[in-house]
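Novice: Protein chains in written order, with the working numbering: chain A, 4 to 415; chain B, 4 to 415. Got a structure for you, written out below as structure tokens; questions coming shortly.
Written as structure tokens, this is what we have:
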């Protein structure tokens, strides 16, 4: 932890440098000195093609190029343009029409959505609950608002979702505080690639309902990778369960355009609220707009208009879906190859189903990652293992990595 | 104040609807039903031409159109692209080369810059100090982070900047807390159009230095309208004084591309730090990047690349400057006409020098604004008067407004 000289610490654990950025810099440096073919940079949370180039969907790029000055230069309303709000809901729910109140407020990517959820559904010093394997910024976002992140073990001994662990930890926290925000990252969980099964979803919802009796419990689903979990309809099969759940608690969903529309750098997403209460829906809009006004004011207009145009034009929407499917299939092939190879060489991985990331549990993640770096393989060490971004490496690399990782881990 | 049903209040005063947005909606409605020529919408904080159309600089639009997919779709680094950081500093300082450490961290517009300044240079429940006429979001931003906004009267009885009031209030607050962030919005102060004179700047700095002895006092200059205060070099004449001041305290500057580059809806700005301490400069970068990561992650890349390209190409920069000058001259003419007319009809205004806004003090601002609305004149009622956006009305309207305002005020 960096000790402050002049700035106010405010209980935050502030690192000198963003960890992933530091690793990625070393990877780039090595590629420059020793040659690109000597380096596997498995740290990048963006979808790259087999030449290491960022994929930008040409169907989306064409819409970007059609924007008029008013469509990017003008302020969007604080909560998002009306067209975007509708398009974001359609994009999240697709064919499913939830029979509840649904509100969407625009945010700068998924990060902004999570930020606003924490700001409005937790209080100062509250604990927020998520899985022990988690996307590191959850902790950063919580600390910035002087909240704390607490975790439960994501998998039970059989490698299934640990609903019992969730129940215990939620009950324990709710003895000390009156409200609780629970963050579940699914499908294509970052960093493990796990996705809850329908049965697990059912159990999780019943568990949260039970834990939340007499308390204010909110469920936040981080669905940033929903379009990279196989068939887009199937990957949304949990949504009707949320419709049922939202009669008992507000259900929030962090929806992001970063990956699904390859619009990472345009900063667009939405926090969506499902609730059976008209008042809670209205309040959601009011408090989220207040938080937005106080953090980034309005959100970039260009990506909002892009999504609106896509959903206004069925042919264009079809093009986007087709193009995305190609890239998703490429990503899925990489994952399949990695899993096959891991099984062949006897590398134990966490139960990966889909998405940008896979994780390998190991004893000394920092040391394991360092050993791999010596071989030109750059991964991200987490608390309990290392994360590999299938999104940023080739199928060929996916074939050779498991053996190299096993060797590094076994060496410790 | 809205009472919460389910969400957490967290000490915030959350209105049902954004006030300015509500007024602007009524203006649009009236224009639709009674005709555009019956309505003067003096609420909009964006520069419109005499036909009420948003001005987007063609020189900037050409750069927007030249962007490659990588230049908008890729994530920018958390703190901004290296090119943007350099360009933002050049854009703020121009010919002046400060002899101190200068760091810039990208933010979504000026709002994000102010948000990060508050997050890192104040603590929970701290008071933040600004003038009694202030841009309303300061309070929203402070409350969202569970800080409080306190004010001192901006003008003394002679209509000059009230340095004495600043001194007294700062001393009073610093009896109760160990750090203080002071926000000064200048030049072209929103909402009065005031700008500190060099002598006033000198006094203000000496005052803050004196008040800050043994305490951690930070000065934040909100310079969102710096390019609309007459000659761009002259409007920067206070910067060398900040170089001197920053040996005693960190000086932060909120720099925005929204108005200067007509890139409102792209959300781009920077928080810039001037300090004589290498450690404080380094710490500034570290804490601001942490805050950014935790709020919006990275900032939109497109406007960062646009500013970089403009500063890489002297001919292009010249085009932008020339185009901006035309629009600034248009805005200044509107202000001159309003002032002349106000003097002629005997309307007392606050000492306006330049910028997007002018303010008229009055007894019952809400009622005055309502009376004006009956005549189709839409203004923003503040605590102590009404605000008129010269940026969004024609020169002709500037000529007719003072008489109408005087009539409304005198009627109460």
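Glycine included, each C-beta is placed from N, C-alpha and C at the ideal position.
Just curious, the alpha helix (DSSP H) that residue 26 of chain A is in, first and last residue?
Specialist: 22-37
Novice: Ignoring anything shorter than 4 residues, give me the alpha helix (DSSP H) runs that lie fully in the stretch 107-194 of chain B, in order along the chain.
Specialist: 112-124, 140-147 and 166-177
Novice: Name the chain A residues whose beta carbon is nearer than 7 Å to that of residue 17 of chain B?
Specialist: 289, 290 and 293
Novice: I'd like to know if the stretch 307-316 of chain B and the stretch 357-370 of chain B are in contact, where contact means that at least 3 CB-CB pairs between them fall below 8 Å.
Specialist: no
Novice: Cβ of residue 64 of chain A less than 9 Å from any chain B Cβ?
Specialist: yes
Novice: Residues of chain B with CB closer than 7 Å to the CB of residue 343 of chain A, please, in chain order.
Specialist: Correct list: empty, because the minimum Cβ distance to chain B is about 31 Å.
Novice: Please determine if the stretch 141-154 of chain B and the stretch 398-411 of chain B are in contact, where contact requires at least 3 C-beta pairs separated by less than 8 Å.
Specialist: Contact between the stretch 141-154 of chain B and the stretch 398-411 of chain B is absent: fewer than three C-beta pairs spanning the two stretches fall below 8 Å.
Novice: Based on the DSSP output, what are the partners of residue 272 of chain A in its beta bridges?
Specialist: A:110 and A:259
Novice: Roughly how many whole angstroms lie between the Cα atoms of residue 159 of chain B and residue 26 of chain A?
Specialist: 56 Å
Novice: Taking just the CA atoms, how far does residue 287 of chain A sit from residue 329 of chain B?
Specialist: 43 Å
Novice: Terminal residues of the continuous beta strand (DSSP E) containing residue 219 of chain B?
Specialist: 219-225
Novice: Below 8 Å on the Cβ atoms is my guess for residue 124 of chain A versus residue 10 of chain B; work out the distance and round it to an integer in Å.
Specialist: 6 Å
Novice: Counting only C-beta atoms, is residue 153 of chain A closer than 9 Å to chain B at any point?
Specialist: no
Novice: Is the CB-CB distance between residue 273 of chain B and residue 108 of chain B below 9 Å?
Specialist: yes
Novice: Which whole runs of the alpha helix (DSSP H) in the stretch 51-106 of chain B are 4 residues long or more, in chain order?
Specialist: If we require 4 residues or more, the alpha helix (DSSP H) runs fully inside the stretch 51-106 of chain B come out as 61-68, 72-76 and 85-96.
Novice: Considering just the uninterrupted stretch of the beta strand (DSSP E) at residue 300 of chain A, what are its terminal residues?
Specialist: From DSSP, residue 300 of chain A is part of no beta strand (DSSP E); its letter is neither H nor E.
Novice: Is the shortest distance between the beta-carbon of residue 156 of chain A and the beta-carbons of chain B less than 9 Å?
Specialist: no
Novice: Since residue 389 of chain B and residue 363 of chain B should fall inside the 8 Å C-beta cutoff, what is the C-beta to C-beta distance between them, to a whole number of angstroms?
Specialist: 5 Å
Novice: For a cutoff of 9 Å on Cβ pairs, would you count residue 108 of chain B as touching chain A?
Specialist: no
Novice: So for residue 390 of chain A, helix, strand or coil by DSSP?
Specialist: strand
Novice: Against chain B, does residue 140 of chain A count as a neighbour if the rule is that its beta carbon must be under 9 Å from one of theirs?
Specialist: yes
Novice: Quick check: the Cα distance between residue 351 of chain B and residue 32 of chain B, rounded to an integer number of angstroms?
Specialist: 31 Å
Novice: Under 8 Å, with one C-beta from each stretch per pair, do the stretch 111-126 of chain A and the stretch 166-175 of chain A reach the 3-pair mark?
Specialist: no
Novice: Rounded to whole angstroms, what is the Cα-Cα separation between residue 204 of chain A and residue 244 of chain A?
Specialist: 8 Å
Novice: Please list, in chain order, all residues of the same chain as residue 81 of chain A whose beta carbon is under 6 Å from its beta carbon, the five residues on each side excluded.
Specialist: 292, 295, 296 and 301
Novice: Keeping to the same chain, check which residues put their C-beta closer than 6 Å to that of residue 164 of chain A; ignore five residues upstream and five downstream.
Specialist: 199 and 203
Novice: If we count Cβ pairs, one from each stretch, closer than 8 Å, do we get three or more for the stretch 134-142 of chain A versus the stretch 188-196 of chain A?
Specialist: yes
Novice: Which residues of chain A have a Cβ atom closer than 7 Å to the Cβ of residue 286 of chain B, listed in chain order?
Specialist: 7, 8, 9 and 10
Novice: Express the C-alpha separation of residue 16 of chain B and residue 146 of chain B in angstroms, rounding to a whole number.
Specialist: 8 Å
Novice: Go through its chain and collect everything with a Cβ distance to residue 180 of chain A's Cβ below 6 Å, but skip five positions before and after it.
Specialist: Closer than 6 Å at the Cβ level, and outside the excluded window around residue 180 of chain A, lie 129.
Novice: Just the Cα atoms here: how many angstroms apart are residue 222 of chain A and residue 106 of chain B?
Specialist: 39 Å
Novice: Considering Cα atoms alone, identify which of A:353, A:345, A:22 and A:262 is closest to residue 63 of chain A.
Specialist: A:262
Novice: So within the stretch 304-369 of chain B, which uninterrupted beta strand (DSSP E) runs reach at least 3 residues, ignoring any that extend past its ends?
Specialist: 360-364
Novice: Which of the residues in the stretch 221-234 of chain B, read from start to end, lie with their CB under 9 Å from any CB of chain A?
Specialist: 221
Novice: Pair every Cβ in the stretch 64-76 of chain A with every Cβ in the stretch 45-62 of chain B, then say whether three or more of these pairs are closer than 8 Å.
Specialist: yes
Novice: Taking the alpha-carbon of residue 157 of chain B as reference, which of B:338, B:133, B:212 and B:185 has the nearest alpha-carbon?
Specialist: B:133
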